[in-house]
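In the working numbering, the protein residues as written are 1 to 145.
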């Protein structure tokens with residue numbers, strides 16, 4: 001059995017695989033601070049190249065959004081995050097896990113995402129201290145863009 005890029009022979013998926021990244025994808029990062037998971041960032045940079053910041057003029061495939069309780073209005077930030085997003089792109093909303101400083105209640109995500117025009121499709125453990133929620137535009141909204 002052969003392993004695919006970024007996948008170990010024992011079938012364990014790498015962090016970059018779990019985020020659906022491919023070489024050449026443009027990944028925008030928002031909410032960077034000194035508490036982010038550097039292993040995750042390194043895995044994405046190794047796969048896709050340097051992360052672009054929110055001032056980019058490029059259309060992006062993935063938005064990596066680090067979000068903590070107290071960071072402001074999540075709906076407004078999600079709206080800002082989807083502005084440069086490609087039609088089939090995804091926002092990965094990264095929040096501290098329960099019991100960690102800055103933890104965001106899951107209900108805040110489930111209430112904010114639809115208001116911003118997004119739907120949650122999955123969640124993953126994105127490292128020791130972070131959870132990731134994959135948010136995308138509903139299919140009907142993507143076809144109208």
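For glycine and all other residues, C-beta sits at the position ideal for the given N, C-alpha and C.
In this text, all values refer to a predicted model and were calculated from it rather than measured experimentally.
Range of the contiguous beta strand (DSSP E) that encloses residue 104: Looking at the DSSP string, residue 104 is not in any beta strand (DSSP E), and its letter there is neither H nor E.
Secondary structure of residue 23, DSSP reduced to three states: coil
Inside the segment 77–102 only - beta strand (DSSP E) runs reaching at least 3 residues: 85–96
Residue 130 to residue 26 span [Cα, whole Å]: 22 Å
contact_flag[the segment 14–29, the segment 43–62] where n(CB pairs < 8 Å) is 3 or more: yes
Run of the alpha helix (DSSP H) containing residue 64, from where it starts to where it stops: Run containing residue 64: none in the alpha helix (DSSP H); it sits in the beta strand (DSSP E), 60–66.
Test: residue 128 CB closer than 8 Å to a CB of chain D: The question asks about chain D, but that chain is absent: this structure has only one protein chain.
Burial state of residue 112 (16 or more Cβ within 10 Å): buried
Residues near residue 126 in its chain [Cβ-Cβ closer than 7 Å; skip 5 each side]: 37, 40, 94 and 132
Run of the beta strand (DSSP E) containing residue 133, from where it starts to where it stops: 130–136
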